[in-house]
Structures are given as C-alpha cells and as structure tokens.
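With the sequence shown counted from 1, adding 59 to any position gets you the working numbering.
Virtual Cβ for every residue (Gly too), placed ideally from N, Cα, C.
Every value quoted in this text rests on a predicted model; they were computed, and no experiment measured them.
Below: the structure, in structure tokens.
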Amino acid sequence: MPTAQTNPGDHAPAVARDHTGGEVTRFLGGPAGKLASPVTRGLPGITATLLLVAGFFLLLGFATKANCLSSAPGDGTFSINWSGHRQYISFCYNDIVPLYGLEGFSDGAVPYRYSWESDGQIRYTEYPVATGFFMWLTAAITRAIYPLIHATGFIPLAPAAVFFIVNAVLLSGLWLGTIVLLRRLAGPRPWDVLLAAACPIVIMHAFTNWDMLPIFFAVLAVAAAARGSSTAAGVAIGVGTAFKLWPLFLLGAYLTLAVRHKTFRPFSLMLAGASASWVAINLPVYLAWPDGWMEFWRMNSTRGAEWSTVYALINRLTGYDTFHTADSGPGLLNSISMVAFILCCAAILALGTGARYRPRVAQLIFLILVAFVLTNKVYSPQYSMWLVPFAVLAVGNRPKLVVSWMLADMMLWPILCWTMLGADNKALPDPFLNTIVTLRGVLLVALAVVVVRTIMGKHDDPLAGADGTTDPLAGDFAPPSPRVAGHPAGDQPASGNNCEGAAAPGKDTCA
Numbered sequence: 060m061p062t063a064q065t066n067p068g069d070h071a072p073a074v075a076r077d078h079t080g081g082e083v084t085r086f087l088g089g090p091a092g093k094l095a096s097p098v099t100r101g102l103p104g105i106t107a108t109l110l111l112v113a114g115f116f117l118l119l120g121f122a123t124k125a126n127c128l129s130s131a132p133g134d135g136t137f138s139i140n141w142s143g144h145r146q147y148i149s150f151c152y153n154d155i156v157p158l159y160g161l162e163g164f165s166d167g168a169v170p171y172r173y174s175w176e177s178d179g180q181i182r183y184t185e186y187p188v189a190t191g192f193f194m195w196l197t198a199a200i201t202r203a204i205y206p207l208i209h210a211t212g213f214i215p216l217a218p219a220a221v222f223f224i225v226n227a228v229l230l231s232g233l234w235l236g237t238i239v240l241l242r243r244l245a246g247p248r249p250w251d252v253l254l255a256a257a258c259p260i261v262i263m264h265a266f267t268n269w270d271m272l273p274i275f276f277a278v279l280a281v282a283a284a285a286r287g288s289s290t291a292a293g294v295a296i297g298v299g300t301a302f303k304l305w306p307l308f309l310l311g312a313y314l315t316l317a318v319r320h321k322t323f324r325p326f327s328l329m330l331a332g333a334s335a336s337w338v339a340i341n342l343p344v345y346l347a348w349p350d351g352w353m354e355f356w357r358m359n360s361t362r363g364a365e366w367s368t369v370y371a372l373i374n375r376l377t378g379y380d381t382f383h384t385a386d387s388g389p390g391l392l393n394s395i396s397m398v399a400f401i402l403c404c405a406a407i408l409a410l411g412t413g414a415r416y417r418p419r420v421a422q423l424i425f426l427i428l429v430a431f432v433l434t435n436k437v438y439s440p441q442y443s444m445w446l447v448p449f450a451v452l453a454v455g456n457r458p459k460l461v462v463s464w465m466l467a468d469m470m471l472w473p474i475l476c477w478t479m480l481g482a483d484n485k486a487l488p489d490p491f492l493n494t495i496v497t498l499r500g501v502l503l504v505a506l507a508v509v510v511v512r513t514i515m516g517k518h519d520d521p522l523a524g525a526d527g528t529t530d531p532l533a534g535d536f537a538p539p540s541p542r543v544a545g546h547p548a549g550d551q552p553a554s555g556n557n558c559e560g561a562a563a564p565g566k567d568t569c570a
C-alpha cells in the first residue's frame, strides 16, 4: 500500500475529481472557474493539508476546554477554579481535570490497587485497564514536570491543568495518526477525510475523555486487516478493547464477512490476536487486584440512563422513571438495552450475509456502532467521536448529511451542560435537550438508512473499489477469486464478482 510520501495523488488537483472536496470548494465560493490555474507546485500535499486542518481543529478543541484550566493560588501552589459552575456555563467540562485528584493520580497511586470511599462504598478507577494505566503514565509525567513549571512563576497553572495539557498533547498525536491512517484507507477519495479532519465534534470532545485511544487502535485494526494482516488487526482490536469496550464490536463486522464469504481462517487469526492482546493486558491486573479490575463492570451494571439516551428522553417526556424499579434498580434498563443491541446486531448480520450486494467492512462497523450508541443506556456525548472515522469510510460520499449530524452532535454538548445546571441556576428547560437529542438520533438513523440502502443496491457506492463492486479494505475477508479454466491457480484473471462476467455489479452470484 502506498505510504503518505508516495501517494500519487498527493500533488495532483484531486479536488476536481473528489466529491467531498468539490462540496467543500463550492461551499467556500464555488467551483473553479475557466481561468483557474491547476498548478499545485509549492502547495502542501493532501496528507499535509489534512494534518494542518486536523491540527487547527484540535486547537479549537483545546480552546473550548481552556476555561476549565483556570487556576487559583493557595497554600503555595495553585488549584483548579471551577467556581460559579464554570464547567457547565462555559461547557468546558471534561473528565481529565477532576480525575487527576479524585482517583489518586496526583499522589502517584497505582490504579486498581488504590481505593477510596465514596457514599459509603469502596471505589476504584472505573476505566478499562489500558486507559487506567495511560492515566497513571500521564500523571507521572505531570508530577515530573510540574515543579519546573511552577518554579518559573510565569504560568499560574494547577497540577490538574498540567495533567490535562499532557493528555491533550498525547491524544492529539493519536488523532493525527488516525487522520494519516484514514488518508491511506480512503484511497482515491482522500478529501473525504476532511469530514474527520474538520469535524465539529472534535471541537467539543477531542479532550472530554480518553476516547482518542481506542479510536486510533480501531482504525489501525482496519488498516492492518486491509493489508491482509488479520492477526495484527486482532491484536489492535484487543488493545483497543483494553482501552474501551467498543472496539470489540469490530469483530462482529469481520464475522459477518467471514460467514458470507466463508473466510473463517482470517477471522480465527483475528479472534486469536484480539484475545491474546486483551488477556495479556488485563490478566496481570485481574490476578493482582481483582476487586479493582471489576470496578469497570460494576459501574456499568449499576449506573442508570445517561441524559442524552433515548431512555432518558422517554423519562423526561413521560415524567416517570420508566426503566428503573425499586426491586431491580437498573436491571430492567440493562436487559432492554442489551436485548435491543443484540437484535440490531442480528439484523445487521442477516443483512450482511443475505444481501445480494457485498457490504463493505466500514459499512458494517458503522451500522454496529450506530446501533450500540442508540440502544445503550449510556451515550456520553464524546462517544460520537467513535463514529467519525467509520462515517468517513462508510458514507463519506454524503458530506451534507454527515456534516448535519456532526453539527447537531456538536450543539448537543452546550445544551446538555446548560441543562445540567439545575433549576436553581437558571438551567435550560428540558425541551431544548429533548429536541437536540431527537435531532441527533434522527440524523444517525438517516445515515444508517443510507448505508442499508446502499448495501441493498438502492444507491450506488462510489466508495467501493475501482470496479465499483469490491471492498478495498476487506483484505483476506474478500470473497475468493473464481477459478477460470485454462489458468493455473494463483494466475487467475482479476474479477470483482464471484462469477465470470455474468453477475450484476457488486453481486456475489450471477443473476
């Protein structure tokens, strides 16, 4: 696969041929005129341009959180100043700043071994193991450099603010790495990646939590699978799952292709790689501190519906806690959420294995993730970042619809923060939050419908391979090439279909 330095289109006037690039140029002032010069000498390449745009949006993302880094002097040092509900009014809230002190990282505590008491209950770090130790690593860096920063006296920052900055720098590097991977995966449609590089959701949620970590490894897994490295892809999935649960769902997309095309060997290798890497990261912590390791699972089983889920929306509209009972707590909600997601996955499996047109792996991943965030009892607003890379690869040819969803998702965050202020602090009334949650859900469903209709052959799929029928990212999960009489094995003529010349475009079998 060509590298970023050798992409033949990096210095070509690709905007003229790229649908998303054309949409952007028309939005900014119209298509190129007849006197426009196609000369690109001296201009940055496509990859460099995407990185510059992504870097600018990361800076905007840092700016939206900067107000929560405000520090006040006291006792010879500085502390975070969130007085006056600053974190909600300026919607700069993030989990990174408060957890530095709340979970013992400021004192060098080892996650999963360290515990504290809250509301009469023993608590541990509630994040998956890899995320917990990433937090520990960045806390160690913070403690090492903070004395130097504090000694200068020029920048009055609390230790938690420095912790945030250290995390922001590392998370930014991972996001830029994700952009490079997407550029390679996008093939002849590099400007589709602008949807990720200039994503409005990045402005709000690049640094709300540590979601850049699993995103990078999930996209890395797709890149490895596209190269035919199923084991390496599995390892990346396992590492991503050690950061957050959702990269595990990528296995569902590849299982669908394995069942459809009977490519079970690469799936077995992928599953083995994922299992090995996840166990290697988690088993030592489980054996050493089983109670701490279980905290993530305990928290997820006992928490209620998050503000922007469909379940919380129903509760606000009905004025009744519909899914919570005195006897079982959130047990009913857990069951409904799990059954709904399983049914969606079963429907995606049936679609992926039964449709006459071959689904692409990015389409399947996108459908699974949309199903998860819409049926899960927790849809923290930063979860939408998970969808961004796969929206680019699955429906990047629908930039207006994708950007509409991203803008709605971006606006949900300030509305949610202002709603959480509470009635005593002049919070927004519920209808504002209900409206934006509904709009986001409708737009996500619309994107999913576009993907489903494309798989069913109702829409053309310009994101497929050069012949319009294949998945350039399928790797070893692509259907086997047909054997043609007179050609030795390994010297078969290229074909995008599973029959010689008689199949309709994109179909597995002859009509």
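Close Cβ partners of residue i (< 8 Å) along its chain, the five nearest in sequence each way excluded
{"i": "Phe266", "result": "Gly120, Phe121, Lys124, Asn153, Ile155, Phe223, Asn226, Ala227, Leu230"}
{"i": "Ala523", "result": "Arg419, Thr529, Asp530, Pro531, Gly565"}
{"i": "Ala486", "result": "Trp477, Thr478, Met479, Leu480"}
{"i": "Pro215", "result": "Ser130, Pro132, Phe137"}
{"i": "Phe400", "result": "Ala430, Phe431, Thr434, Asn435"}
{"i": "Val221", "result": "Thr201, Ile204, Tyr205, Ile208"}
{"i": "Val437", "result": "Asn359, Arg362, Ala364, Glu365, Thr368"}
{"i": "Asp489", "result": "Arg375, Thr478"}
{"i": "Ile148", "result": "Cys476, Trp477, Leu480"}
Proximity below 8 Å, CB of residue i to CB of residue j
{"i": "Val462", "j": "Ala450", "result": "no"}
{"i": "Arg242", "j": "Leu109", "result": "yes"}
{"i": "Leu330", "j": "Ile424", "result": "no"}
{"i": "Met444", "j": "Asp270", "result": "yes"}
{"i": "Thr197", "j": "Lys303", "result": "no"}
{"i": "Leu244", "j": "Leu426", "result": "no"}
{"i": "Val454", "j": "Val510", "result": "yes"}
{"i": "Trp337", "j": "Gly297", "result": "yes"}
{"i": "Val261", "j": "Phe150", "result": "no"}
Given residue i as reference, the closest of the options once Cα atoms are compared
{"i": "Leu235", "options": "Ala507, Trp305, Gly481, Cys258", "result": "Cys258"}
{"i": "Leu118", "options": "His264, Leu307, Leu279", "result": "His264"}
{"i": "Gln146", "options": "Ala537, Val496, Leu480, Ala507", "result": "Leu480"}
{"i": "Ile495", "options": "Pro440, Val510, Ala533", "result": "Pro440"}
{"i": "Ala537", "options": "Ala282, Leu316, Leu304", "result": "Leu316"}
{"i": "Ala335", "options": "Phe308, Gly311, Ala292", "result": "Ala292"}
{"i": "Val169", "options": "Phe193, Ser177, Asn393", "result": "Phe193"}
{"i": "Tyr173", "options": "Pro488, Glu354, Ile373", "result": "Glu354"}
{"i": "Leu158", "options": "Phe150, Trp195, Ile181", "result": "Trp195"}
{"i": "Asn341", "options": "Arg357, Ala301, Pro306", "result": "Ala301"}
{"i": "Gly332", "options": "Ala199, Gly378, Ala283, Thr322", "result": "Ala283"}
{"i": "Asn393", "options": "Glu162, Trp356, Ala405", "result": "Trp356"}
{"i": "Ser165", "options": "Ala414, Ala199, Cys403, Leu408", "result": "Ala199"}
{"i": "Arg182", "options": "Asp350, Leu408, Leu506, Ser142", "result": "Asp350"}
Nearest-angstrom Cβ-Cβ length linking residue i and residue j, presumed shorter than 8 Å
{"i": "Gly411", "j": "Arg319", "result": "6 Å"}
{"i": "Leu139", "j": "Ala256", "result": "It should be noted that the sequence gives Ile, not Leu, for residue 139. About 31 Å separates the two Cβ atoms, so there is no contact after all."}
{"i": "Pro249", "j": "Ile105", "result": "5 Å"}
{"i": "Leu328", "j": "Ser289", "result": "4 Å"}
{"i": "Ala280", "j": "Gly299", "result": "7 Å"}
{"i": "Asn374", "j": "Thr381", "result": "6 Å"}
{"i": "Glu185", "j": "Met465", "result": "That pair is no contact at about 28 Å."}
{"i": "Trp175", "j": "Gly163", "result": "7 Å"}
Close Cβ partners of residue i (< 6 Å) along its chain, the five nearest in sequence each way excluded
{"i": "Val344", "result": "Tyr171, Val188, Trp352"}
{"i": "Ala217", "result": "Ser130, Phe137, Ser138, Ile139"}
{"i": "Gly545", "result": "The predicted model places Gly545 with a pLDDT of 43, which falls under 50 and marks its position as unreliable; any figure quoted below should be read in that light. Taken in chain order, the list of residues that qualify is empty."}
{"i": "Val112", "result": "Ala256, Ala257"}
{"i": "Asp251", "result": "Thr79, Ala245, Val451, Gly455"}
{"i": "Asp520", "result": "Thr513"}
{"i": "Tyr442", "result": "Val432"}
{"i": "Val294", "result": "Gly332, Ser336"}
Cutoff 7 Å; reference residue i; Cβ partners in own chain excluding five residues on either side
{"i": "Gly232", "result": "none"}
{"i": "Asn484", "result": "His144"}
{"i": "Pro448", "result": "Thr237, Leu241, Ala255, Ile274, Val278"}
{"i": "Leu475", "result": "Trp366, Ser367, Pro440, Leu492"}
{"i": "Ala371", "result": "Ala364, Glu365"}
{"i": "Leu376", "result": "Asn493"}
{"i": "Asp69", "result": "With a pLDDT of 43 at Asp69, under the threshold of 50, the predicted position of this residue should be treated as unreliable, and no value is reported."}
{"i": "Phe326", "result": "Tyr313, Leu314, Ala317"}
{"i": "Gly160", "result": "Ala219"}
{"i": "Arg457", "result": "Val509"}
{"i": "Phe86", "result": "Note that Phe86 has pLDDT 46, beneath the 50 cutoff, so the model's placement of it is unreliable and the number below is only indicative. None."}
Test: residue i CB closer than 8 Å to a CB of chain D
{"i": "Thr201", "result": "The structure shown contains no chain D; it is built from a single protein chain."}
Checklist entry - How do the region 113–130 and the region 275–295 stand: do at least 3 beta-carbon pairs fall below 8 Å, yes or no? => result no
Checklist entry - Looking at C-beta atoms only, is the number of pairs between the region 488–506 and the region 467–475 that lie closer than 8 Å three or more? => result yes
Next on the checklist: Count Cβ pairs between the region 387–399 and the region 348–364 that sit closer than 8 Å; are there 3 or more?
Outcome noted: yes
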